[in-house]
Structures are given as C-alpha cells and as structure tokens.
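Some notes on the structure that comes next.
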Amino acid sequence: MKTSSSILIAIGFSLIFFPTGSFAQNDKDVALILKTGGTVGLNKKGMSSWSKAKRGQRLHSKDKVRTGKKSLAALVFTDDKSLLKVRSNSSVTINGQRQKNSIAKRIQLTFGELWAKVTKQNVSMRIETPSGVATVKGTEFYCSFADGVFLVFCREGLIELSNQFGTLMLASNEMAELKLGSPPKIINTNPNDVFDMSEQGDLRELEIQFEDENGNKKSLIIDFN
Amino acid sequence: MNSKIFCLAAMTLLFFICDMAEAMPPQSTASFKPELTHVPVTSLRQNEKLVVRARINGAKEQAVFVRLYYKPFNGDSFRYVEMRPSGDSFWGQLTSERFKGGNFSYFILAMLPNKKVVTFPGANPYGNPIEVQVTGGSVPATAIEPKPAPAPPEAITKGSGAPDSGTPLLLLSPEKNEKFNIGQEVVVAVSFLDSPDKAIDMNSITLFIDNVNVTINTEITENILTYTSATITPGAHTALVQGYYKSGMKLPSVKAPFIVKRKKSNFQDKLPFKGRLYAESRHESASGIGYHDSNMGGYLSGKQGILKYNARLYLTSSEDPKYQTRNRYSLNLDTRFAGLSIGDVYPRLNDLMLWGKRVRGIHGRLRFGIFNVDLVTGQTARKIKPGFVTRDTVAVDSLVRRGSFSQNLFGLRASFGSGKNFQLGFDYLKVKDKATDIQQGQHVRTPRDNVVIGSDLLIGFFKRRVEFRAGVAFSLVTDDIYGGPIQKDTLDKYYPELDIPVDPSDYKNILIVNLSTRPLDDPRKGKSLAMTSSFRFNFFNNNLVAGYKIIGGEYLSLGNSYLRNNIRGFFIQDRIKLWQNKLYLNLGFDNYDDNFRSDDLNSPTGLQTINTGFSIYPGQGWPTFNVNMRNYSRKKDIDFLINGADTTFVGEQNDTRDLTLQVNYNTQIMNLKHAISFSFINSARNDQFLPSAESASNIQMINIRTNYQIPLVTTINFARNDNNFANGLNTFKFNMIGLKGEYPFFNNRLTAHAALNFTSASGGTGANAIGGAVTDYKRTAFNTGARFDITPQQLLGLEAGLISFQDNGFTRDAATVSNRNPSFTDSVIRFYYEQRF
C-alpha cells in the first residue's frame, strides 16, 4: 500500500510539475492555411493518413502539407505573417518552435516548389532539403527541390545556402543550386525558365477591360493559377 | 525505503528528461558562431555624419569584407559602403548626402573567409534594419514610428529577442478590404503576441462580425484565434477582436474590414448567357452623291450543363445580290467530345487544302483525342446572275456584268492524336462550281471541279517547345466542266501514255475529268503535289524555326485558293532573347525559286529575303526601340534571250531594301503624361533591267498622346511621305498633321471628341508630257462626336464629319493644256447603339 502510494505520488509529482506536453505548446499553431486551390492534403503529426486541407486550418510543428497537379496552398506563419506558398506537386513539413513571440521556422521541402515572403522577424527561417539548407536573411525568394537538386532564387535580400561541402551567400536576383555531393554554386539560369513568377501561383480570375477607338468596351476574363 | 525513494527520484527525473527533450528547440550553435557586435545609432542631427563601429566576435580569421548597407527613407533598395579595419574593429561612415538628409535605415554585414556571413541585426537585416531618425530635416521627425532599439546581440543569440512594443494582437487574416467570393470560406485569424509582464486573459477575447458576437464559434488557443465561415452574406463587413490583459487593462483591439462579393442580382445576370447587340447607321455625301449604310448584329454565348454555345449575327444594308453575301450568321454548339457549327463557318483542316475559308453550311466534329473527325459541307460562293441592260437600238440585251457560279465544298478530316503533342491527319476536299448556274459566255471564268487529298503530321516534345510539322497534298482540278467528263477512248487518244484502267465518266460524281484536267500526265512528276515541313526549337532563349516547302506548278486547292504554287524553297528564322528578355534579336533568311517547273516556258526566278532587326524593352520609364532591316531580291535565271526568240522577254533583277525604326516612350513632362511614338521607314528599290521601276521612299510619323491634369486627352500626329519613282521622273510628297481632343463629362458617362486634320499632297508623273499628271491637293477634315453611357451596359454614339478637298492637280492631254481634277466637299454622319448583357 505504501509502495503504491509512493509510486502514485511520484507520478503525480511528475505530472504536476512536468506535465506531459507542457513544453509542447511551443510547437502548436505555428502556421495557418489561408488559401487552398486544387488538391491540397494535410497530414497531422503522428497520423498515418492524409486529409483534405481546408482554409483556416491550424498547422502545428511537424505537420505536412502536400499539393497535387495545378494546386496551391498558401500558409501564413502566426508570429510575423510571413507567407509561404506551396506550389503544384509539392510536399513540405512545417517545423517551428516558439521562442517568446517568434517562431524559429524550419521547412523541410521533400519535393516541389515554394515561394516565400518573409516579413520582419527576429529569428531565422530555414528551408531544408537533402541537398542543402537555405537560411533566409532577406525577404522574398523561390525555391524548388527535385531529383536531388535544390534550386533557390533570391528575389530580394540575402539567403545563406549551405551543405556539408560548403556555404554560399545568395544576394538579390541571384540563383544557385545545391546538389547532393557538391557545394552550393551560383548558376546563370533565367529564373523565369524555372519558376512560374507570374503571379506567385495564386488561383485567380483576372478581368481585363479593353476599349477600342470607338469607345466599345470588352472584357477579357482569364482564370489562371 | 531508500530504494523506493531512489526509484521515485529516478522516475521523476526520467519524466523530466523526456519532456524537456521533446520540447527542446533544435540545438542552436549560435552561441558558438561568430557574431557582429555594434551599438546601434537611432538618431542623428541634420547634416551630421553617421559613424559606425562594429566588431566580430568568435571569428578565428579576419573578415574578407565588412560593409555598411543603407537605404534612404523612400529608397527602393540598399546600397553599401565598405567599412575599414581599425584595430580589432571596423568602422564606416555615411555623409548626409548618402541618405539625402532624411531618415534612413542601415545594417552591417561581414563576410568571413569560410564564406559565412554575419549581420547586425542578426536575423533578416533587410526586413528589420536599424532605423535612424534625422531631426531638423525636411522629412518630418515623425515619419518613422519610434521603435525600440534592437536587443543586444547576446540577447538575440539566446533567442529571447526584444518584445514588440506594439499591439499584442497580430491580424493574420483577412487583409484590409480583402474580397471573398460568395460561398467561399472567410478566415479571421489573429495571433497573440504575449509578453511575460503583459499576459493576455484568453477568457476575455471576443470576436465580433458586424457587431454580432461570434466568439462561441471561434477557436481560441493561447497562440491564435481562428474563425471560419462560408455563410457570410454579400457586402462589406468588419471583424473586430477585443479583450483584456490579465491585469485588467484593455487590449488594443484589432479591426479588419473585408468584402464578400455580391452576386450580381440584376436581370441581365440572371440570364443563362451573355452577349451584346448593336446597331449602326452611316450616311456619307461624297461629291454630291449620297451613300447610306446600316448594319446591325449581335453576339451571345453561354453554357448549359455540358453544352457551350455561341451565336453571331451581322446584317447590313449593303447586302446586294450582285455581290457575294455580306451578311453573316452562325450558331456553334460544343461539348467536350463533339461540336456542331451551322451558318458561316471557317474550318481549318490542312493548311495546304482548307484553312479558314468561309463556308456557309455545317461543320461537325468529334473529338475523342485518340481519334477525331471533322466534316464540313456548304457553299463557299453564291450564284451571281449576269447583268444585262436593254437598249432601244439593239434587239438583244447587252451583257454589262458577267455572272459567277455558286460553289459547293465538302471536306472530311480524320486524325489520330489530340494535337497536344502528336497528331496525324488524313484529309479529303472536294470543291465544285455549279455549271448550270450561268450560261456559257456570260461567266467571269469557266466552272471548275477540284479534288484534293492530303495528310499532315505534328510531333511535339517538351510542351511543344520542340516541334516538327509536315504536310502533303495532291490536287486534281478540271478548269472547265461545261463539256462534262470525257470517255476513256478520247483520253487514250490524247494521252496514250496515261493508260488509266477505268473510264473517267463513271466517276464524274467524284471528279469530272476532261482535257482541261490537271494533271493528266504521270502524277509522280509532282506538278500537282504540295509538301511543307517545319521544325521549331524554343530553348536557351532562342525561338528557332526552319522549314521547307515545294508547291507544284499545277497544284490548286479551291479551299485555299490564295496559296502560291510553282514555288519551292526554305526559310529559317530565329528570335533570340537576351538581357533578361529586354533585348530581342530577329534574324531571318528565306530562299525560294519561283516558277521552278522545268517544263514551264517561264524562266525560274530566285527570291531571297534577309531580315534582321532588334527590339529593346529596357523597362518602365525607358523608351522602347524596334529596328528592322529587310532586303528582298528577285533575280531571273535568264537575263536575255538570244536569236530574238521572244521579243517581249525582259530579264529581272531587282533589290528592295526596307529600313524601319520605331521608338515608343511613355513619359511625364511638366506634370503631364505623354505617350510618344515615332516611326521612320526608308525604302529603296534598284532594278537592273527596268529603271522606271526604281523607287525610293521616306516616311516619318510622330504621334503624341497627352493626358492632362483635367480629364482632357489630346492626340497630335504628324506624317510625312516622300516618294521618288523612276529616278525622279515621278514624285509624290505627302504631309499630314492632325489634332484630336477628348473630354469626359458627367462622371465619365459622356465623352465628347473633336478632331482636325490637314493633308497636302504634291507630285507628278511626267507632268510636262502628254498623258502626264500633276498631283496637288489639300484636304481638310473636321470630325466631332460623343459617346454616352446610358447605363453601364448601354451606350449611344453620334459622329459627324466634314471633309473639304481642294484639288489643283490636272492631267495633260493632247487637246488642252490640262484637265483639272475636281474639288468637292464630303460630309459623314454616323450613329450607333450597343447593348451588353
């Protein structure tokens, strides 16, 4: 009886002062799904199955998002409104740990393409792939990972690229690639040939009004993503 | 007992370790990383220099460079100056001219030998630089909201960071005035940025949508609040989040206006289709003769389930049985796998056979992707009766206008492959004039019968950036079917080598064969064969296209009667993109043999064109340039005939060179927006055999469109054209200047315009010789009008114009000195109405 009581007290002591998951609140509500288009799946941490992602759904650390063909998921990080758009045929794992009012963001890009716009923040954002890591120090960038090649285009700001073979600083309007087994290097590829930079992949309807010399008006409506 | 206490302690410790391990952030090496230390400067007096010092701690080697990046308050991008080493630190300075004397921001960046970069501020310096307020400057001191200085580097590396002194509520969604479609989920999300000394009371958080408390349907956790609804009614709405701190102080609330788009509810938008109707009437009086023309029409399109449809109608008062029809109508029905078009259709089967010719009939199509069928049948021309006039002095009516036959077309195409990356097509076309429409001798040309068979291939790779196309067609045409088909024995008599096993008259329903049929010799000679091929390669900033074609001298398809025959040759052209698509180079070369038939009495003529040019689009704020030079030459293989075989023969060798320059520029001068366009065209033709065919032209055009600060828009244009023919024997000069103004009234519902145009022309063709002519006229045109938007879907327009033509030119004949050209005054009035739905 006394032994059982002691054990119960020990368990209770542990639960009170060190409740399971007490520090796990740091990894909750890391991001939010703002928009979805097409086929967007969500795999919550610890679950084996995928569910359909919906607008307004909360993402915790280690949740996974994947998109199908002609699809898009727009995520916003809850600490600083940094935006992340997961483009078609992509899969990412969102990792984040709260540090006071900031979230240290690590996005594991399994495959596919991302666009991100980082707002003012006090902690870094990292994009991790098997070929290397991009640490964002700037504001806007595109990246993709496929067949072991991690491509990064820095639209504005600075991005530090690194893997076990080297480190490279990428400045505005520069593009670099990281491949398995080699250090990061700057490439002269036109980013327009690699990334769809037209409207950052939003699913939208664009209406353009024309007026001819006689004043006749016509509208052209384009659905695009 | 001791063992029990030990077990208790061990279990407790175990729980603690497991919990900490799960919650532990990724191991940070920041404390072992090199870092920049610097005391930020947040304010300066005007004209004071910025002097900064920074030190790199934790680095084993000297930095490769240290730079001070800065950006003025309204600047677009950061610039930098190098910082110099001084002892164990680096220093740099900025004079006030660098930041234009106003507020600015800066950060420091150091590159280490191992290519590591350290910055101050440590994270995202571009987005979170140090902001410096310059007091006593032209920019108000309050231009930048005061912010606390960034936390000392030690604090940042430990990850604590300085708390934001603004509102603890961060609105994530919606953006201000964000628009949502009706039925779309509206997401309201707010993040709670807590601080230890100002904890938020989560139980006090409330969310209102348009003053309605919806907190009960809101998910609130310690980090964020989220609310989602797809049933918010159309219109403007406001989301409001309020609450309190645990201390009882009220939180700064967060308000977010947003809009749910209203579904159009007026009658027009309840219609299952959309389109427009229009009517126009125009009356012109030219040299005292009135011309009147009215037309009306419309267009509508819609979708019903799987069926898409559209219809067009155009009716004109110019419709006249003496001419081909000018009215147009069509109805198109399309589903995913099938389509039907009735009325005036413009089918495209094979560009060697039928490519966009108007057919009044039916075009049916099946589209299964793997297999497709197109069938088109109808009339391409209607019968035009010959015109006769009765004269009292002549017993028989006189033919004053020849008639035309009606022409019927039947086309069939079967293809394999959707055409996205592959398609193989087989085509059949028959076109035949109805010979019984017009009596012999009263027609413009003899009635014809034409059969064409062909095939085409398309293969594409990489989303058709690499593409191969080929087409082949063979034609049989009988130029005169009045006499009907001939018998086999007659054919054998005139063409014994042909040895056709069948009697052509048995197949008159397929093609009427007689002595006017082409070809009647061995088709393998290729006289009626047409082949084309092309290859396209769109990679590495090149859009390269090359092709070859050979069109036999007797090839004719009445479905594409404008296709030039008796020609063969190749072309190659490339469009190269450079300098981030701001510079385009165009290069082209083609070489053809015209009249290449060896059995043709005409001498073959070589045609060669070299086309070069470039276009520059530097970007916003800069002019665009287009320059093109084309050299076109024609040369016959034979310069002259010997022994006087043909006294009419003239050799041919000439070159025409065209140079075109275009500049377009949108700019702002004296606070007015101008769109300026300038064109220069220079053309010269040299002829080795016919000096009278030589010519030179110079054309200059300028157009300036100006938007004023009042809603007035003016357009000024000027054109000048100097032409010189036959080495100055004939000349023609043309000058034009025009001015147009447009002004809107009544909140842009009424737009009025007025335009004045002066033109003068002078020149002559052998003015002093009999039969010569002098050109000398002046034309003044005035035009005014207005367009009124009755409703956003209805508009009414009225235009009137007056043209005065003063002609001092004349022609010189044998009897008198000159025959003066007439002068006249024209007037035009036009009315139009349009309804959109």
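Line by line, the protein sequences give chains B and Y.
So for the first sequence, my numbering puts the first residue at 117; every next one is plus one.
So for the second sequence, my numbering puts the first residue at 994; every next one is plus one.
Just so you know, even glycine gets a beta-carbon here, dropped at the ideal spot from N, CA and C.
A quick note: this is a predicted structure, and the numbers were derived from the prediction, not measured.
Rounded to a whole number of angstroms, what is the C-alpha to C-alpha distance between L1469/Y and Y1548/Y?
-> By 1-based counting over the second sequence, the position of residue 1469/Y is 476. By 1-based counting over the second sequence, the position of residue 1548/Y is 555. Roughly 8 Å separates the two Cα atoms.
Identify the contact partners of T1221/Y in chain B, using a Cβ-Cβ distance below 8 Å as the criterion.
-> The residue given as residue 1221/Y occupies position 228 in the second sequence. By Cβ distance, chain B contributes K170, R171, G172.
Determine which residues share a DSSP beta bridge with Q1646/Y and list them.
-> Position 653 of the second sequence, counted from the start, is the residue given in the question as residue 1646/Y. BP columns for Q1646/Y point to K1628/Y.
Rounded C-alpha distance that separates E1277/Y from F1824/Y | The count along the second sequence starts at 1 and reaches residue 1277/Y at position 284. The count along the second sequence starts at 1 and reaches residue 1824/Y at position 831. Straight-line Cα distance between these residues: approximately 12 Å.
Can a CB atom of chain D be found closer than 8 Å to the CB of K1425/Y?
-> The structure shown contains no chain D; its protein chains are B and Y.
Closer than 8 Å at the beta carbon, the chain B residues around I1217/Y = Within the second sequence, residue 1217/Y is the residue found at index 224, counting from 1. Within 8 Å Cβ-Cβ: D145, L148, R174, T194.
So which of G1354/Y, A1056/Y, R1077/Y, A1719/Y has the shortest CA-CA distance to V1110/Y?
-> In the second sequence, counting from the first residue as 1, residue 1110/Y sits at position 117. Answer by Cα proximity: A1056/Y.
Terminal residues of the alpha helix (DSSP H) in which N308/B lies = The sequence position of residue 308/B within the first sequence is 192, counting from 1. N308/B -> alpha helix (DSSP H) spans 307 to 310.
Counting only beta-carbon atoms, is D318/B nearer than 8 Å to chain Y?
-> Position 202 of the first sequence, counted from the first residue, corresponds to residue 318/B. Residue placement at D318/B is poorly supported in this model, since its pLDDT is 49, which falls under 50; the coordinates are not used for a value here.
Would you mind working out which of D1630/Y, S1608/Y, Q1613/Y sits nearest V1620/Y, comparing C-alpha positions?
-> One-based indexing of the second sequence puts residue 1620/Y at position 627. For V1620/Y, the nearest C-alpha among the options comes from S1608/Y.
Answer with yes or no whether the minimum CB distance from F326/B to chain Y is below 8 Å.
-> Indexing the first sequence from 1 puts residue 326/B at position 210. Taking Cβ atoms only, chain Y never reaches closer than 8 Å to F326/B, which makes this a no.
Outcome for S983/Y when other beta-carbon atoms lying within 10 angstroms are tallied against a minimum of 16 | A query on residue 983/Y cannot be resolved here, the shown segment of chain Y reaching from 994 to 1830 and no further.
Taking only beta-carbon atoms, is L1186/Y less than 8 Å away from chain B?
-> Taking the first residue of the second sequence as 1, we reach residue 1186/Y at position 193. For L1186/Y, the answer is yes, since a Cβ of chain B falls inside 8 Å of its Cβ.
Going by DSSP, name the residue or residues bridged to K215/B.
-> Position 99 of the first sequence, counted from the first residue, corresponds to residue 215/B. It is Gln, not Lys, that sits at residue 215/B in the sequence shown. DSSP, once it has assigned bridges, lists S218/B as partnering Q215/B.
Indicate, with yes or no, if the ligand NAD has a heavy atom lying under 7 Å from the CB of E1028/Y.
-> As presented, the structure is devoid of all ligands, the ligand NAD included, so that no description of it is given.
Alpha helix (DSSP H) runs contained entirely in the segment 1653 to 1684 of chain Y, provided each spans 4 or more residues | none
State whether the segment 241 to 251 of chain B contacts the segment 292 to 305 of chain B, with contact taken as three or more CB pairs (one from each stretch) at a distance under 8 Å.
-> yes
Which whole runs of the beta strand (DSSP E) in the segment 1585 to 1614 of chain Y are 3 residues long or more, in chain order?
-> 1598 to 1609
When the Cα atoms are used, what is the spatial distance from R174/B to G1241/Y?
-> The residue labelled residue 174/B in the question sits at position 58 within the first sequence. The residue labelled residue 1241/Y in the question sits at position 248 within the second sequence. Approximately 29 Å between the Cα atoms of the pair.
Pick out whichever of Q1297/Y, G1290/Y, P1340/Y, Y1302/Y has its Cα sitting closest to the Cα of N1320/Y.
-> Against the second sequence, residue 1320/Y aligns to sequence position 327. Here the closest residue by C-alpha is G1290/Y.
Bridge partner(s) assigned by DSSP for R1698/Y = If you number the second sequence from 1, residue 1698/Y lands on position 705. A1668/Y, T1708/Y, per the DSSP bridge assignment.
Could you tell me which residues DSSP puts in a beta bridge with H1356/Y?
-> Locating residue 1356/Y in the second sequence gives position 363, where the first residue counts as 1. S1334/Y, V1369/Y, per the DSSP bridge assignment.
Short CB-CB distance (under 8 Å) between G154/B and chain Y | Translated into positions along the first sequence, residue 154/B becomes position 38. Chain Y, which has no Cβ nearer than 8 Å to the Cβ of G154/B, makes this no.
Taking one C-beta from the segment 143 to 162 of chain B and one from the segment 180 to 190 of chain B each time, how about it: are there three or more such pairs within less than 8 Å?
-> yes
CA-CA distance, F1058/Y and R1077/Y?
-> Within the second sequence, residue 1058/Y is the residue found at index 65, counting from 1. Within the second sequence, residue 1077/Y is the residue found at index 84, counting from 1. For F1058/Y and R1077/Y, the distance between alpha carbons rounds to 8 Å.
Determine the direct distance from the alpha carbon of I1377/Y to that of P1314/Y, and round the result to whole angstroms.
-> For this step, residue 1314/Y is matched to residue 321 along the second sequence. For this step, residue 1377/Y is matched to residue 384 along the second sequence. Distance between the alpha carbons of P1314/Y and I1377/Y is about 7 Å.
Say whether the segment 1173 to 1181 of chain Y touches the segment 158 to 165 of chain B, bearing in mind that this needs 3 or more beta-carbon pairs closer than 8 Å, one atom from each stretch.
-> no
Is R1038/Y helix, strand or coil when you go by DSSP?
-> Start at 1 with the first residue of the second sequence, and residue 1038/Y comes out as number 45. Three-state result, R1038/Y: strand.
Sorted by chain position, which residues of the same chain lie with C-beta nearer than 6 Å to N1121/Y's C-beta, five sequence neighbours on each side aside?
-> Locating residue 1121/Y in the second sequence gives position 128, where the first residue counts as 1. The residues are P1114.
CA-to-CA distance, L1652/Y to F1751/Y, given in whole angstroms | As a position in the second sequence, residue 1751/Y is number 758, starting the count at 1. As a position in the second sequence, residue 1652/Y is number 659, starting the count at 1. If I take the Cα positions, the gap works out to 27 Å.
Can you pull the DSSP bridge partners for I1217/Y?
-> The residue given as residue 1217/Y occupies position 224 in the second sequence. Answer is S1184/Y, bridged to I1217/Y.
For K1239/Y, the nearest candidate out of N1196/Y, G1281/Y, I1252/Y (CA to CA) = Against the second sequence, residue 1239/Y aligns to sequence position 246. It is N1196/Y whose Cα lies nearest to the Cα of K1239/Y.
Can you pull the chain B residues whose beta carbon is under 9 Å from the beta carbon of T1214/Y, in chain order?
-> Mapped onto the second sequence, residue 1214/Y falls at position 221. Neighbours of T1214/Y on chain B, chain order: Q141, K144, D145, R174.
Starting from the C-beta of A1466/Y, find all residues in its chain whose C-beta is less than 6 Å away, skip the five residues before and the five after it, and write them out in chain order.
-> Mapped onto the second sequence, residue 1466/Y falls at position 473. So the qualifying residues of the chain are L1345, M1346, V1445, G1447, A1523.
Between I1493/Y, G1476/Y, T1199/Y, V1437/Y, which lies nearest to S1246/Y when the distance is taken from Cα to Cα?
-> Against the second sequence, residue 1246/Y aligns to sequence position 253. Of the listed residues, the one whose Cα sits closest to S1246/Y is T1199/Y.
Between F281/B and the rest of its own chain, which residues show a CB-CB distance below 7 Å, the 5 nearest in sequence each way excluded?
-> To locate residue 281/B, count along the first sequence from 1; it is residue 165. The answer, listed in chain order, is S298, P299.
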